[in-house]
Amino acid sequence: MNFDKKFDRYEENAHIQKIVAKKLINLVPKKKYRTIFEIGAGTGVLTKNIIKNIEYKDLIVNDKYFESKEYIKDLPSVEFIGGDIEKLEIGKADLIISSSVFQWIEDKDKLFEKISNASDTLVFSIYIKGNLMEISDHFGISLEYLDMKELKILLSPYFKNISGYEEEFKLAFDTPMEGLKHLKNTGVTGIGQTNMEKIRNYSARELTYKVGYFICEK
């Protein structure tokens, strides 16, 4: 399972991602920030929530895919930095924030260390163990999702105060194929590389999303 940019279809299919972004904003410590750095801006789902709900002077957003810039270019006071966050340097920021992105990061420990060197506050959401279990159960493919405890262990060397919670969402579809199409349109790919027999036999009419929310401070 991997991610492939589907920005033109993402907005109309990112139902859970939009809910999660709004919930994440409510977890951000209430104060005025000089610089905010967002990791994985995509089509600007979280970015728009930051602009509406948080006081700041500068907002810097990053995405691995440079096409993301087209979706945030008209937003006020936003600077875009394209490139893979695992390879980029992160400048000093009062707050680093990310929603529905970190499950795709290969070396999370290294990224958390880099973030801690750049900021005292990290707020993020991530899909955790049990996410899209219908897909892993049937197709035998999945990301290596971590649970809340495993993520806290990774974060603990870099942040003193770590809090958060997990949440489960069920997304229902009229047919199994609509569920698979939904995943494809939100950028989740790899299912099509399995044999057609498995695709034809897929029968789940709902998808389970499991999300972890974290607030980390030094």
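Using this note's numbering, the letters of the sequence shown correspond one by one to residues 72 to 289. Idealized CB from N, CA, C, for every residue including glycine.
| request: Just tell me which of L214, L193, G211 has its CA closest to the CA of N232. | output: L193
| Where A189 falls: helix, strand or coil (DSSP) | helix
| task | Look at G235 and G283 and say whether their C-beta atoms are less than 8 Å apart. | result | yes
| query | In whole angstroms, what is the alpha-carbon distance linking I125 and A92? | reply | 13 Å
| request: Mind checking which residues open and close the beta strand (DSSP E) that includes K231? | output: No beta strand (DSSP E) holds K231; DSSP gives it neither H nor E.
| Segment contact flag, the region 90 to 110 with the region 167 to 174, C-beta cutoff 8 Å, min 3 pairs | yes
| message | Considering Cα atoms alone, identify which of G162, D155, L117 is closest to I143. | response | L117
| task | With a threshold of 16 other CB atoms inside 10 Å of the CB of F348, please say whether the residue is buried or exposed. | result | Summary: the structure shown does not reach residue 348, with the chain confined to residues 72 through 289, and so no result is reported for it.
| Helix, strand or coil: which one does DSSP assign to I161? | coil
| said: Please report the distance separating the alpha-carbon of H86 from that of E239. | reply: 14 Å
| In terms of residue numbering, what span does the alpha helix (DSSP H) encompassing Y136 cover? | Taken as a continuous stretch (DSSP letters only), Y136 belongs to no alpha helix (DSSP H), as it is neither H nor E.
| field | Inter-residue Cα distance where the pair is D245 and L278 | value | 12 Å
| query | Ordered along the chain, which non-local residues of its own chain (more than five positions away) have a Cβ less than 8 Å from that of E184? | reply | P228, Y229
| message | Run through the DSSP bridge pairs and tell me what Y198 is partnered with. | response | V282
| How many Å lie between L203 and F285 at the Cα? | 20 Å
| query | Who are the near neighbours of M219 in its chain, counting only those whose CB is closer than 6 Å to its CB and skipping five residues on each side? | reply | E237, G283
| Are S139 and G113 close, meaning C-beta to C-beta below 8 Å? | yes
| said: I need the DSSP call for N250, collapsed to helix, strand or coil. | reply: Inspection of the sequence shows that residue 250 is occupied by Gly rather than by Asn. Residue state, collapsed to three classes: helix.
| said: Once the 5 residues before and after D134 are set aside, which same chain residues still bring their CB inside 7 Å of it? | reply: G111, A112, G113, G153
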